[in-house]
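Novice: Quick one: the structure is below, questions incoming.
In this note's numbering, the protein residues as written are 574 to 999.
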């Protein structure tokens with residue numbers, strides 16, 4: 574098989590998702606040639622905003638929401654002149670826990686106190702454990718009230734979409750205000766994340782090649798005449814790229830599809846060998862017969878989270894739902910029944926979803942940690958830099974402070990670019 578390079582670049586980024594585009598954009602005025610490869614036919618990765626004719630507007634099929642702590646996200650949006658929008662105030666919030674369907678906005682008073690006590694006990698149990706615990710193990714080990722257990726189960730049901738025995742226990746340690754308020758994710762990007770990734774791709778000035786899936790990474794020969802080239806990358810089409818630096822910006826669950834013949838630390842190989850369990854299904858609806866804005870937060874029933882997002886000009890209601898994927902994809906009749914369980918008289922006019930589990934460039938939804946993943950992610954940057962300085966990995970899947978979020982993708986991408994820019998050129 575041909576080993577000689579067919580293309581050259583200073584920095585090669587594998588993956589045109591938000592992290593990869595953020596890295597490329599950071600290097601836009603550096604004088605370095607930056608190339609981005611992606612096997613998909615669009616930029617954005619799991620940040621996927623699409624125009625939905627049924628709603629007459631764009632919707633986000635992947636990552637969507639911003640929290641107030643997402644400082645770099647908001648700074649980047651401001652730079653690019655992109656506004657944000659807020660989800661509508663809910664007139665009819667309900668929870669569906671073991672007690673049944675109850676009108677409830679958020680946990681308050683005695684219920685909030687129960688959650689506070691449970692979090693303190695969980696934190697103590699996690700810190701005392703000699704090994705990484707699953708969320709199920711941690712909840713079983715503490716004297717939490719039935720309400721607190723149920724509330725945590727509902728929270729993980731939509732945030733993770735995975736069984737509690739597959740999730741690292743630290744995923745339970747949510748900020749108190751956010752845990753109490755199921756609607757803490759309310760801020761979105763105007764025009765969806767498509768506005769952000771499109772603007773980044775254009776501003777970066779990088780060469781972006783879609784339909785170019787990377788399949789192999791290895792070291793360039795030490796005696797190669799191009800002294801700056803340290804790594805080579807082969808694509809599925811057989812082309813070979815040579816670069817001084819390579820940034821892996823693909824979802825963790827796809828790493829197994831790239832052969833990496835380089836010294837790698839255990840933190841990397843362990844992450845690549847075991848896919849993260851995130852599998853929350855995201856469904857969008859246009860509903861008829863809905864009188865007011867609603868929200869459902871549930872440990873029971875078909876949805877973990879279900880709320881209205883906009884009243885459409887023709888009177889229909891745009892709504893979004895999150896649910897675990899473990900039971901498979903519901904039929905149209907099952908979706909209709911699930912909606913009517915909370916909205917009697919409502920009908921599903923249109924429905925759409927994107928199957929991220931089947932998506933070959935994702936193989937899962939947003940990152941959810943397996944037991945031990947937080948420690949692996951924390952060790953990864955330094956360990957990988959020591960083993961193979963020319964290779965970095967970025968994305969919300971490996972973010973330590975903002976895992977599984979738009980902010981985590983942006984921070985890891987820009988931080989990797991900064992490390993390249995600070996280092997002396999070879």
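For every residue, glycine included, the Cβ atom is placed at its ideal position computed from N, Cα and C.
1) Rank 582, 590, 579 by C-alpha distance to the C-alpha of residue 827 and give the top, closest one.
2) With burial defined as no fewer than 16 other Cβ atoms inside 10 Å of the residue's Cβ, what is the status of residue 832: buried or exposed?
3) On the premise that residue 586 lies in contact with residue 822, defined as a C-beta separation below 8 Å, what is that separation, rounded to the nearest angstrom?
4) Taking 7 Å as the limit between beta carbons, can you name the residues of its chain near residue 689, skipping five residues before and five after?
5) In terms of residues, what are the limits of the alpha helix (DSSP H) holding residue 593?
6) Could you tell me which residues DSSP puts in a beta bridge with residue 897?
7) Quick check: the Cα distance between residue 984 and residue 592, rounded to an integer number of angstroms?
8) With DSSP run on the structure shown, which of helix, strand or coil describes residue 905?
9) Within 10 Å of its beta-carbon, does residue 597 have 16 or more other beta-carbons around it, so buried, or fewer, so exposed?
10) So, are the CB atoms of residue 588 and residue 635 less than 8 Å apart?
11) Measure the alpha-carbon distance for residue 658 versus residue 600 and round it to whole angstroms.
12) Whole angstroms is fine: what's the gap from residue 867's alpha carbon to residue 962's?
13) Classify residue 609: buried if its beta carbon has 16 or more other beta carbons within 10 angstroms, exposed otherwise.
14) Within the same chain, show all residues whose beta-carbon is closer than 8 Å to that of residue 862, passing over the 5 residues directly before and after it, in chain order.
15) Going by DSSP, what residues sit across from residue 551 in a beta bridge?
16) Which residues mark the beginning and the end of the beta strand (DSSP E) in which residue 659 is found?
17) Does residue 731 come out as helix, strand or coil in the three-state DSSP assignment?
18) So who's on the other strand from residue 858, going by DSSP bridges?
19) Check each candidate in 790, 709, 820 and name the one with the smallest Cα separation from residue 954.
20) Buried or exposed: residue 902, going by 16 or more other Cβ atoms within 10 Å of its Cβ?
21) Let me confirm a value: residue 855 is counted as buried when at least 16 other C-beta atoms fall within 10 Å, else exposed. Which label applies?
22) Beta carbon of residue 760, beta carbon of residue 639: below 8 Å?
23) Can you give the Cα-Cα distance for residue 651 and residue 850, rounded to whole angstroms?
24) Can you look up residue 577 in the DSSP assignment and give me helix, strand or coil?
25) Residue 980 and residue 777: beta carbons closer than 8 Å?
26) Quick one, are the C-beta atoms of residue 808 and residue 637 less than 8 Å apart?
Specialist: On the basis of the data shown:
1) 590
2) exposed
3) 6 Å
4) Taken in chain order, the residues that qualify are 749.
5) 591 to 599
6) 853
7) 8 Å
8) helix
9) buried
10) no
11) 29 Å
12) Annotation: residue 867 to residue 962 spans about 51 Å, alpha carbon to alpha carbon.
13) buried
14) 916, 918, 919, 920
15) Nothing in the structure corresponds to residue 551, since the chain is present only between 574 and 999.
16) 657 to 659
17) Shown here, residue 731 sits in a helix according to DSSP, grouped into three states.
18) 892, 924
19) 820
20) exposed
21) buried
22) yes
23) Taking the straight line from one Cα to the other gives about 33 Å.
24) coil
25) no
26) Taking a C-beta distance under 8 Å as the contact criterion, residue 808 and residue 637 do not qualify as a contact pair.
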